[in-house]
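Just so you know, the sequences run in chain order Z and P.
To convert, note that position 301 of the first sequence is 301 in full-length UniProt numbering; the numbers rise steadily by one, no gaps.
To convert, note that position 261 of the second sequence is 261 in full-length UniProt numbering; the numbers rise steadily by one, no gaps.
For glycine and all other residues, C-beta sits at the position ideal for the given N, C-alpha and C.
In what follows, a structure is listed as C-alpha cells, so that the remarks can point back to it.
Protein chains: 2
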Amino acid sequence: MLVPATMLSTLTDRRVRGSMPAPRNRPTLRDIAARAGVSETAASFALNGKPGVSEKTRRRVLDIVEELHWTPNHAAQVLSGARSMTIGLAVARNAQEVGSELFFLRLMTGMHTVLSRNRYGLLFQVVDSVGDELDLYRRWSDERRVDGVVLVDLRTDDPRPRVVNELGLPAILAGGPDPSGTVPAVSIDDAAAMRSVMEYLRDRGHTRVAYVSGSPTLLHVHRRVEAFLRSGRDYRLEAADVLQTDFSAPSAVRATQRLLATDSRPSAVIYDNEVLAVAGMGVIHAAGLRVPADVAIVACEDTPICAAVQPALTALHRDTSGFGADVAGHLLNLLDGNEDHGGQEKTPELVVRAST
Amino acid sequence: MLVPATMLSTLTDRRVRGSMPAPRNRPTLRDIAARAGVSETAASFALNGKPGVSEKTRRRVLDIVEELHWTPNHAAQVLSGARSMTIGLAVARNAQEVGSELFFLRLMTGMHTVLSRNRYGLLFQVVDSVGDELDLYRRWSDERRVDGVVLVDLRTDDPRPRVVNELGLPAILAGGPDPSGTVPAVSIDDAAAMRSVMEYLRDRGHTRVAYVSGSPTLLHVHRRVEAFLRSGRDYRLEAADVLQTDFSAPSAVRATQRLLATDSRPSAVIYDNEVLAVAGMGVIHAAGLRVPADVAIVACEDTPICAAVQPALTALHRDTSGFGADVAGHLLNLLDGNEDHGGQEKTPELVVRAST
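The structure is reproduced here in C-alpha cells:
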C-alpha cells in the first residue's frame with residue numbers, strides 16, 4: 001500500500017468530547033501583509049531579513065507578526081525547499097538488550113537541549129533489524145521526512161554509513177569513529193576508559209581480572225575488549241577471561257558462575273553495565289564470597305542503581321546528555337552546509353565506590 | 001526570532017566528505033503520468049483509489065509507481081490538507097526524576113509498534129516545565145507540526161487537557177483518567193495494583209506496612225497513596241507511614257532511616273520504583289536487619305534490576321510496551337475522525353520474588 005488509508009481520510013469537524021476538535025483559524029502571510037498595508041512579497045522580505053524593504057516597514061511587519069502570534073507554516077516551508085526541521089533517530093534493538101536503555105533516553109534528552117533551541121524536533125523510531133533500519137532511511141529520504149539522521153550502535157561491517165551516504169542523507173555517528181570513514185562521528189574513547197579501569201585495578205594490587213562483556217559485534221564493545229586484552233599485557237595483569245553476554249541478567253549469572261568455578265578465580269570482574277554487575281554480585285555473594293574483599297567489581301556504565309546498591313558499585317561515569325548535545329550540534333552544523341569532521345568526547349571517568 | 005537562521009540558509013551541493021551530500025533526483029507525479037501515458041489528474045485518481053479511471057489504467061500506474069520506487073512527498077501531502085503523519089510526545093521532567101526513565105522508553109517503543117505500521121513518526125521533546133510544555137503545544141499547533149499529542153504525567157489541577165482542547169489538538173492521556181473529563185485516557189488501575197500488594201502482604205502475615213512514594217502531585221502516585229491508606233483500613237493493616245521522595249536514591253535512604261528509627265518498625269515497605277527499593281534495602285541491611293525475614297520489600301515497577309539484585313525484588317509488573325501500543329492506537333482512531341473514549345489496561349501483576 002503506497003498511500004495509507006489514514007492519510008486519505010478527511011478530518012471531521014465535530015466538537016463531540018473525545019472526537020476531533022475543530023482546527024483554529026490561523027492568520028496567513030496575506031493577513032499580515034494586509035494589516036501592514038504592504039504586498040505579500042514585501043511582508044515576506046521583511047520577515048526573512050532580505051533587502052528591499054525599509055527598516056520602518058520591517059518593524060511594522062514584525063510588530064504585527066508578534067501581535068497575531070503568527071508562525072510560518074511548517075509544511076509550507078518544507079515545500080519551498082527549506083527543511084523538515086526534523087532529525088531522525090532509528091534504533092535497531094531487541095527487548096533483551098535492556099541494559100543500554102537509559103543510555104538512549106539520556107542521549108535523546110541531551111540532543112533535545114540543542115535541537116529545541118534551534119526549533120528542530122526528533123523523530124524516534126524503533127526497528128527490528130539493521131535491514132529494517134535501512135528501509136526506514138530510504139522512506140524518510142523519499143518522503144523528505146527528516147533533514148538528517150543520527151546513527152547509533154555501529155556494528156562490524158555495518159552497511160548503514162554507505163547507505164545513508166548513497167541516499168544523500170546527512171548523518172552523524174553517535175559513538176565512533178566509523179571505520180569506513182564515510183560518516184563523521186562524535187566519538188567516545190572506550191579504549192582509554194577501559195585502560196583507566198585496568199590501571200586502577202593494578203594500582204589496587206589486583207593480578208587477575210575478567211571482563212563480562214556485551215556482544216563484540218557492537219563496535220564499542222569490540223574496542224573495549226581489545227583495550228582490556230592490550231592493557232592486561234601492558235599492566236602485567238592476567239586478563240585472560242572475556243565472557244560475552246547478551247546484556248541480560250541470566251547471562252551475567254552464568255558468566256560469573258563460570259568465573260568462580262575455575263581454579264584461578266579472578267580478583268576483580270569488570271561488567272559492561274549495571275544490570276550485569278548487580279546480577280554478578282548476587283552470584284559472588286551466594287558463593288559465600290565478599291565484595292570487594294574477595295572479588296572486586298566495576299561497572300562500565302554509571303546509573304542511579306550503582307550508587308543505590310550495597311556495596312555501591314565503582315563505575316565509569318559518562319556525560320551522556322552532553323554527548324547527545326554534541327551529536328546534535330555537529331549534525332545541525334552539517335545541515336547548515338558546513339564541513340564537519342565530528343568530535344571527540346571527554347573520556348568517561350571512574351567513580352570509585354565500595355565495590356572495589 | 002521567528003524564522004531560525006538554519007531554516008533560511010540554502011543547502012549546498014558539495015560532495016566533500018563530511019559535508020552535505022547531493023540530494024537524489026526523485027521521480028514526480030508528472031514522471032509517473034508521462035510514463036503511463038495518462039494525465040497527472042488520472043494518475044493521481046489512480047493512486048488515491050478514486051473513481052474515474054479504468055482498472056487497467058490504475059494497474060498500469062501502480063506498476064510504474066512500484067518500478068520507480070515512488071513515494072508521495074510528505075510535505076506536499078501535509079500542505080494539501082492531509083496529515084503531518086507525526087505524533088507529539090512532550091515530557092516535562094527534571095534530571096532527578098530518573099526513576100521513571102525506563103517507563104518512558106518502553107512507552108515510546110510500544111507506541112512505535114502501532115505508529116510505524118501506520119507510517120506515523122513520533123516527535124519526542126523534553127521540556128523544563130508544564131508551562132514550557134504548553135508553549136510547545138501552541139507552537140506545534142501553529143506550525144501544524146503534529147497531528148495529535150500524547151499527554152503523560154498528569155498532575156493535580158493540570159492545565160494541559162484544557163489547553164490542548166482549546167488548541168484543537170487531538171490528544172490521548174497515557175495513564176488516566178483525566179479528572180476534568182476533557183481528554184480521553186488509556187488508564188491503568190494503580191489503585192487496584194496497590195490493593196493487590198496490600199492483600200498479598202496481609203496474607204503473608206504482615207501487620208504494619210509503610211509506603212515510600214514519589215511525589216503525590218503526580219496523579220498516579222496520588223491514586224496509589226489513597227489506595228494504600230484505604231486498603232490498609234480494609235485489610236486491618238497498620239498503614240500509617242507514607243514517606244514522600246523525589247524518586248532519588250538519597251531520598252529513599254533518608255525515608256528508610258526514618259522508618260527504622262521509629263519504635264514501631266514496619267514489617268514490610270513498598271517502594272515506588274526499583275531505585276528506591278534497592279537504596280532502601282541497603283539501609284535495612286546496614287542496620288543489621290534481614291530482607292525478607294525482618295523487613296519485606298516490594299517495588300511498584302518491575303525492571304531487569306529487580307530480578308538481578310540479591311535478594312530479588314518482588315515487584316508489580318506492567319506491560320508498558322503494550323500500554324504504549326494501546327495509547328497510540330486510540331490516538332490514531334481519534335485522528336481517523338472516530339469517537340474514542342480511551343480504554344483500560346490490565347492491572348499490573350505482582351511478581352513474587354525473594355524479597356517478601
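Anyone know if the C-beta pair for Ala-296/P and Val-269/P falls short of 9 Å?
Within the second sequence, numbered from 1, the residue matching residue 296/P stands at position 296. Within the second sequence, numbered from 1, the residue matching residue 269/P stands at position 269. Contact flag set, yes.
According to DSSP, residues forming a beta bridge with Ile-270/Z
Position 270 of the first sequence, counted from the start, is the residue given in the question as residue 270/Z. DSSP, once it has assigned bridges, lists Tyr-211/Z, Val-298/Z as partnering Ile-270/Z.
CA-CA distance, Val-225/Z and Ala-174/Z?
Within the first sequence, residue 225/Z is the residue found at index 225, counting from 1. Within the first sequence, residue 174/Z is the residue found at index 174, counting from 1. So the two alpha carbons sit approximately 19 Å from each other.
Beta-carbon gap between Phe-124/P and Phe-124/Z smaller than 9 Å:
Stepping through the second sequence from its first residue, residue 124/P is reached at position 124. Stepping through the first sequence from its first residue, residue 124/Z is reached at position 124. Against a cut-off of 9 Å, the Cβ pair of Phe-124/Z and Phe-124/P comes out as a contact.
Gln-257/P in three-state terms, based on DSSP
Here the question's residue 257/P lines up with position 257 in the second sequence. Correct three-state label for Gln-257/P: helix.
Taking 9 Å as the threshold (beta carbon to beta carbon), is Arg-145/P in contact with chain Z?
Reading the second sequence from its first residue, position 145 is the one you call residue 145/P. Taking Cβ atoms only, chain Z reaches closer than 9 Å to Arg-145/P, which makes this a yes.
Measuring only between beta-carbons, confirm whether Thr-6/Z sits less than 9 Å from chain P.
Translated into positions along the first sequence, residue 6/Z becomes position 6. Model confidence at Thr-6/Z stands at a pLDDT of 34, short of 50, so the residue's coordinates are unreliable; what they give is reported in the following sentence. Between Thr-6/Z and chain P, the shortest Cβ-Cβ separation is below 9 Å.
Go through its chain and collect everything with a Cβ distance to Thr-156/P's Cβ below 6 Å, but skip five positions before and after it.
Numbered from 1 along the second sequence, position 156 holds the residue referred to as residue 156/P. Contacts found: Thr-217.
Along the beta strand (DSSP E) that carries Thr-57/Z, what are the first and last residues, could you check?
Locating residue 57/Z in the first sequence gives position 57, where the first residue counts as 1. Run containing Thr-57/Z: none in the beta strand (DSSP E); it sits in the alpha helix (DSSP H), 55-67.
Anyone know if the C-beta pair for Ala-279/P and Ala-307/Z falls short of 9 Å?
Within the second sequence, the letter at position 279 stands for residue 279/P. Within the first sequence, the letter at position 307 stands for residue 307/Z. Judged by beta-carbon spacing, Ala-307/Z lies within the 9 Å limit of Ala-279/P, meaning their Cβ atoms are closer than that value.
Checking 9 Å against the spacing of the C-beta atoms, do Ala-293/P and Leu-316/P come in under that value?
Residue numbering aside, residue 293/P sits at position 293 when the second sequence is read from its first letter. Residue numbering aside, residue 316/P sits at position 316 when the second sequence is read from its first letter. No, they are not a contact pair.
Can the beta-carbon of Thr-207/Z be found less than 9 Å from the beta-carbon of Ser-267/Z?
Reading the first sequence from its first residue, position 207 is the one you call residue 207/Z. Reading the first sequence from its first residue, position 267 is the one you call residue 267/Z. Yes.
What are the start and end residues of the beta strand (DSSP E) that includes Glu-238/P?
Reading the second sequence from its first residue, position 238 is the one you call residue 238/P. Residues 238-244.
Straight-line Cα distance separating Leu-335/Z from Ala-185/Z
The count along the first sequence starts at 1 and reaches residue 185/Z at position 185. The count along the first sequence starts at 1 and reaches residue 335/Z at position 335. About 15 Å.
Contact set between His-285/P and chain Z, taken where Cβ atoms lie within less than 7 Å
One-based indexing of the second sequence puts residue 285/P at position 285. Neighbours of His-285/P in chain Z, taken as residues whose beta carbon is under 7 Å from its own, are Gln-310 in chain order.
Between the beta-carbon of Ser-248/P and the beta-carbon of Val-275/P, is there less than 9 Å?
As a first step, residue 248/P must be located in the second sequence, where it is residue number 248. As a first step, residue 275/P must be located in the second sequence, where it is residue number 275. Yes, Cβ-Cβ distance for Ser-248/P and Val-275/P is below 9 Å.
Alpha carbon of Ala-255/P to alpha carbon of Thr-356/P, nearest angstrom
Here residue 255/P is taken as the residue at index 255 of the second sequence, counted from 1. Here residue 356/P is taken as the residue at index 356 of the second sequence, counted from 1. A straight-line Cα-Cα distance of about 20 Å links Ala-255/P and Thr-356/P.
Since residue 370/P and Val-351/P are thought to touch, with beta carbons under 8 Å apart, how far apart are those beta carbons, to the nearest angstrom?
The structure shown does not extend to residue 370/P, since chain P spans only 1 to 356, so no value can be given for it.
Buried versus exposed call for Pro-179/Z [16 or more other C-beta atoms within 10 Å across all chains shown]:
Residue 179/Z sits at position 179 when you count from the first residue of the first sequence. By the neighbour-count rule (16 or more Cβ atoms within 10 Å), Pro-179/Z is not buried but exposed.
Beta strand (DSSP E) segments (min. 3 residues) lying fully within the stretch 93-178 of chain P
As far as the stretch 93-178 of chain P is concerned, its whole beta strand (DSSP E) runs of at least 3 residues are 121-127, 148-151, 171-174.
Burial state of Gly-342/P (16 or more Cβ within 10 Å):
Locating residue 342/P in the second sequence gives position 342, where the first residue counts as 1. That one is buried.
Should Ser-321/P be labelled buried (16 or more other beta-carbon atoms within 10 Å of its own) or exposed?
Translated into positions along the second sequence, residue 321/P becomes position 321. Flag for Ser-321/P reads buried.
Quick check on the burial criterion: 16 or more other C-beta atoms within 10 angstroms. Buried or exposed for Gly-88/Z?
Here residue 88/Z refers to the residue found at position 88 when the first sequence is read from its first residue. The residue in question, Gly-88/Z, is buried, as its Cβ has 16 or more Cβ neighbours within 10 Å.
Which chain P residues are close to Gln-125/Z, counting only those with a beta carbon under 9 Å from its beta carbon?
By 1-based counting over the first sequence, the position of residue 125/Z is 125. The contacting residues are His-112, Leu-115, Ser-116, Gly-121, Leu-122.
Name the residue from Pro-159/Z, Thr-109/Z, Ala-193/Z whose alpha carbon lies nearest to the alpha carbon of Val-183/Z.
On the first sequence, position 183 is the one that residue 183/Z refers to. Val-183/Z has its Cα closest to that of Pro-159/Z, out of Pro-159/Z, Thr-109/Z, Ala-193/Z.
Of the residues that make up the stretch 295-323 of chain P, which ones have a beta carbon closer than 7 Å to any beta carbon in chain Z?
Within the stretch 295-323 of chain P, the residues whose Cβ lies closer than 7 Å to any Cβ of chain Z are, in chain order, Pro-304, Ile-305, Ala-307, Ala-308, Val-309, Gln-310.
Proximal chain P residues relative to Val-38/Z, where beta-carbon distance stays under 7 Å:
Counting from 1 along the first sequence, the entry for residue 38/Z is found at position 38. None at all; the shortest Cβ gap to chain P is about 16 Å.
Given this structure, state the Cα-to-Cα distance separating Pro-348/P from Tyr-120/P, to the nearest angstrom.
Counted from its first residue, the second sequence places residue 348/P at position 348. Counted from its first residue, the second sequence places residue 120/P at position 120. Between the alpha carbons of Pro-348/P and Tyr-120/P lies a distance of about 28 Å.
What is the residue span of the beta strand (DSSP E) that Glu-226/Z lies within?
In the first sequence, residue 226/Z corresponds to position 226, counting from 1. Note, Glu-226/Z: premise wrong, no beta strand (DSSP E); alpha helix (DSSP H) at 219-234.
If we count the other Cβ atoms within 10 Å of its Cβ and call it buried at 16 or more, is Ser-141/P buried or exposed?
For the purposes of this step, residue 141/P is taken as the residue at position 141 of the second sequence. Buried is the call here.
Minimum C-alpha distance to Phe-323/Z - residue among Val-127/Z, Gln-244/Z, Ser-187/Z
Taking the first sequence and counting its residues from 1, one reaches residue 323/Z at position 323. Nearest option by C-alpha distance: Ser-187/Z.
Counting only beta-carbon separations shorter than 9 Å, does Ser-355/Z have a partner in chain P?
As a first step, residue 355/Z must be located in the first sequence, where it is residue number 355. Judged by the 9 Å Cβ criterion, Ser-355/Z is not in contact with chain P.
Nearest to Asn-338/P by alpha carbon, out of Lys-346/P, Gly-329/P, Glu-66/P?
The residue labelled residue 338/P in the question sits at position 338 within the second sequence. Relative to the Cα of Asn-338/P, the nearest Cα in the group Lys-346/P, Gly-329/P, Glu-66/P belongs to Gly-329/P.
I need the straight-line Cα distance from residue 360/P to Leu-136/Z, nearest angstrom please.
Any property of residue 360/P remains undetermined from this structure, which presents chain P solely from 1 to 356.
Helix, strand or coil for Val-351/P, going by three-state DSSP, please let me know.
Your numbering for residue 351/P matches position 351 in the second sequence. DSSP, reduced to helix, strand and coil, places Val-351/P within a strand of the structure shown.
Helix or strand or just coil, what does DSSP make of His-317/P?
The count along the second sequence starts at 1 and reaches residue 317/P at position 317. The answer is strand: DSSP assigns His-317/P an E or B state.
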